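Residue numbers (full-length UniProt numbering): 1 to 156.
From the three backbone atoms N, C-alpha and C, an ideal C-beta is built for every residue, glycine too.
As the structure is a computational prediction, the values presented were derived from the model and not from experiment.
So the structure is just underneath, and the comments pick up after that.
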């Protein structure tokens, strides 16, 4: 069951202890979304598509919600946003992504999402705004990054 972009953002920020910046949050959410989509065949975030912006994939509603923080850590501005069900696949993948990626340099996260195998790379055009990253490109990125995962699923 997919969750909203703001639910995903709230969980990621709270899991980090409210230390994530907007740039880190966007990249971590995208990576979690790509992993969830590849593993479960459905998007992590249901209410909005990621867009290809200059610094990588972005959920515009999340960007707008937290943009006032600039490059500072995001504080809890998600008071009316429902929590993600504890223990759900969505909860687990976001928690795992934050635990693995939140200490990484934000620009390293940008580099990861900019790699040529990525969905962002296929859809970004300098100067263009509002270009959705199609789900089929997200799935293709997962298959490129994790070819052994698909082979393991086929053996089951």
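For my contact list, residue i and residue j are in at a C-beta cut-off of 8 Å; report their separation, rounded to the angstrom.
| i | j | result |
| --- | --- | --- |
| residue 31 | residue 97 | 6 Å |
| residue 25 | residue 66 | 7 Å |
| residue 81 | residue 7 | 6 Å |
Quick one: give me the first and last residue of the beta strand (DSSP E) that residue i is part of.
| i | result |
| --- | --- |
| residue 58 | 56 to 58 |
| residue 120 | Counting along the chain, residue 120 falls outside any beta strand (DSSP E), though it belongs to the alpha helix (DSSP H) covering 119 to 123. |
Report the residue from the options whose alpha carbon sits nearest the alpha carbon of residue i.
| i | options | result |
| --- | --- | --- |
| residue 188 | 35, 52, 128 | In the structure displayed, the chain extends from 1 to 156; residue 188 sits before or after that span and is not available. |
| residue 110 | 146, 70, 28 | 28 |
| residue 33 | 67, 91, 81, 78 | 91 |
| residue 56 | 127, 114, 129 | 114 |
| residue 2 | 128, 103, 129, 88 | 88 |
| residue 54 | 142, 144, 146, 124 | 124 |
Which residue comes first and which comes last in the alpha helix (DSSP H) that contains residue i?
| i | result |
| --- | --- |
| residue 51 | Premise fails: residue 51 lies in the beta strand (DSSP E), 51 to 53, not in any alpha helix (DSSP H). |
| residue 98 | 89 to 101 |
| residue 106 | 106 to 114 |
For residue i versus residue j, is the C-beta distance shorter than 9 Å?
| i | j | result |
| --- | --- | --- |
| residue 9 | residue 58 | no |
| residue 131 | residue 15 | no |
| residue 49 | residue 112 | no |
| residue 138 | residue 4 | no |
| residue 105 | residue 71 | no |
| residue 19 | residue 85 | no |
Under the DSSP definition of a beta bridge, which residues are partnered with residue i?
| i | result |
| --- | --- |
| residue 45 | 3 |
Closer than 8 Å to a non-hydrogen atom of the ligand FAD - does that hold for the CB of residue i?
| i | result |
| --- | --- |
| residue 16 | The ligand FAD is not among the ligands present in this structure, which contains no ligands whatsoever. |
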